[in-house]
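The listed protein sequences derive, respectively, from chains A and B. Residues 1 to 118 in the working numbering are what the first sequence lists, from first letter to last. Residues 1 to 118 in the working numbering are what the second sequence lists, from first letter to last. In this text, a Cβ means the ideal position worked out from N, Cα and C, and glycines have one as well. Treat the numbers as computed from the prediction; the structure is a model and nothing was measured.
2 protein chains.
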Amino acid sequence: MTVVQEQLDSTFAALADPTRRAIVARLARGDATVNELAAPFAMTLPGVSKHLKVLERCGLISRTRHAQFRPCHLERAALDSAASWIEESRRVWTERFDKLDEHLRDLQAKPSQDEATQ
Amino acid sequence: MTVVQEQLDSTFAALADPTRRAIVARLARGDATVNELAAPFAMTLPGVSKHLKVLERCGLISRTRHAQFRPCHLERAALDSAASWIEESRRVWTERFDKLDEHLRDLQAKPSQDEATQ
DNA sequence: TGGTTAGTTAGCTGTCAAGTTAACTAAGTT
DNA sequence: AACTTAGTTAACTTGACAGCTAACTAACCA
Chain A
1 MTVVQEQLDS TFAALADPTR RAIVARLARG DATVNELAAP FAMTLPGVSK HLKVLERCGL
61 ISRTRHAQFR PCHLERAALD SAASWIEESR RVWTERFDKL DEHLRDLQAK PSQDEATQ
Chain B
1 MTVVQEQLDS TFAALADPTR RAIVARLARG DATVNELAAP FAMTLPGVSK HLKVLERCGL
61 ISRTRHAQFR PCHLERAALD SAASWIEESR RVWTERFDKL DEHLRDLQAK PSQDEATQ
């Protein structure tokens, strides 16, 4: 298993949880402390702390220290790599149909003997 | 939990597995049977069959019948919704920095009394 | 009809993840 | 020094999931 694959594994797995997606969405609007992030959820602080660890381990967030606070910061790189993977699949899928389309236009424009007899 | 959230949960969870990502990438290039999809993997057929069920349940693929074959087909909708979610977070993140940037340019252009004394 | 090909279902095992409470660390406050 | 605030770590329970083998269904072939 390559490093890139493991990165994607952990990033997609992180985004599979609705609590973590909400945290990411919140952090997109600006940095926040653990308690601020935990406030909207009916969940204990250790639970949120675990989610943050998951997000940190896949590189989606980073944490610094500021007195007894640990402000969380969204890192766009992991988000970018997940987006890139999906985009690549969509690109291939789209390209295939574009080629099919082109082929059909070719057939219509100048049907060859071979194709016309099929 | 909303339907949309459950859809995202299951789609991201599906994409968290490297085998399933490889299957999706393969299907982007065109439809394939279960055995064709299983061929590249050191895994039993029931294992692959399970992965396909996961992909089907989150809407990433669909399956039809053709004699004793069950060709798999990539459905772009689920892929699109996952991509959209990520894009929205990236958009917010980017917008925030654009606004900050604009604010800083404003400060430089016409510093107010209030801001100048801080 | 008996065999082959394509694939799924069932049942099992091991692993990992989410959530909890309780106990801890570390920094700031009085 | 004692207390409060912010957060993490540890230990546990529960539930889901990946993989396997064995047994099954369904369609085609001889």
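query	result
Below 7 Å CB to CB, which residues in the same chain sit around Ser49 of chain B once its five sequence neighbours on both sides are set aside?	Val34
Taking the straight line between their C-alpha atoms, what separation do you get for Val54 of chain A and Thr2 of chain B?	23 Å
What span of residues does the beta strand (DSSP E) with His73 of chain A cover, start to end?	Cys72 to Leu74
Counting only the same chain and skipping the five closest in sequence on each side, list residues whose C-beta sits under 7 Å from that of Arg97 of chain B.	Strictly speaking, residue 97 of chain B in this sequence is Phe, with Arg absent from that position. Same-chain partners within the cutoff: there are none.
Are any of the Cβ atoms in chain B nearer than 7 Å to that of Gln5 of chain A?	yes
Can you look up Arg65 of chain B in the DSSP assignment and give me helix, strand or coil?	coil
Return the chain-ordered list of same chain residues with a C-beta closer than 6 Å to the C-beta of Ile23 of chain B, the five sequence neighbours on each side being excluded.	Leu37
Within 7 Å (strictly less), CB to CB, does Gln118 of chain B reach chain A?	Confidence at Gln118 of chain B is low in this model, with a pLDDT of 40, below 50, so its placement is unreliable and the value that follows should be read with caution. It does not; no Cβ of chain A falls within 7 Å.
For my contact list, Arg76 of chain B and Arg70 of chain B are in at a C-beta cut-off of 8 Å; report their separation, rounded to the angstrom.	Actually they do not touch by this definition, with Cβ atoms about 20 Å apart.
Kindly examine the ligand GDP and report whether one of its heavy atoms sits closer than 6 Å to the Cβ of Met43 of chain A.	Ligands are entirely absent from the displayed structure, and the ligand GDP is therefore not among its contents.
Check whether the segment 98-107 of chain B touches the segment 84-103 of chain A, counting contact only when three or more Cβ pairs, one atom from each stretch, lie closer than 8 Å.	no
Which residues of chain A have a Cβ atom closer than 7 Å to the Cβ of Arg29 of chain B, listed in chain order?	Val92 and Arg96
Going by other Cβ atoms of all chains shown within 10 Å of its Cβ, with 16 needed for buried, is Ala109 of chain A buried or exposed?	exposed
Arg21 of chain B to Ala14 of chain B, Cα distance in whole Å?	8 Å
May I ask which residues mark the beginning and end of the alpha helix (DSSP H) holding Arg26 of chain B?	Pro18 to Ala28
For His73 of chain A, does the count of other Cβ atoms within 10 angstroms reach 16, so buried, or fall short, so exposed?	exposed
Does the Cβ of His66 of chain B have 16 or more other Cβ atoms within 10 Å, making it buried, or fewer, making it exposed?	exposed
Comparing alpha-carbon positions, which option in B:Glu88, B:Asp80, B:Glu87 and B:Phe41 lies nearest Cys58 of chain B?	B:Asp80
Determine the DSSP secondary structure at Ala32 of chain A, reduced to helix, strand or coil.	strand
Any C-beta of chain B sitting closer than 7 Å to the C-beta of Ser89 of chain A?	yes
Skipping 5 residues on each side, what residues in its chain have a beta carbon closer than 7 Å to that of Phe12 of chain A?	Ala82
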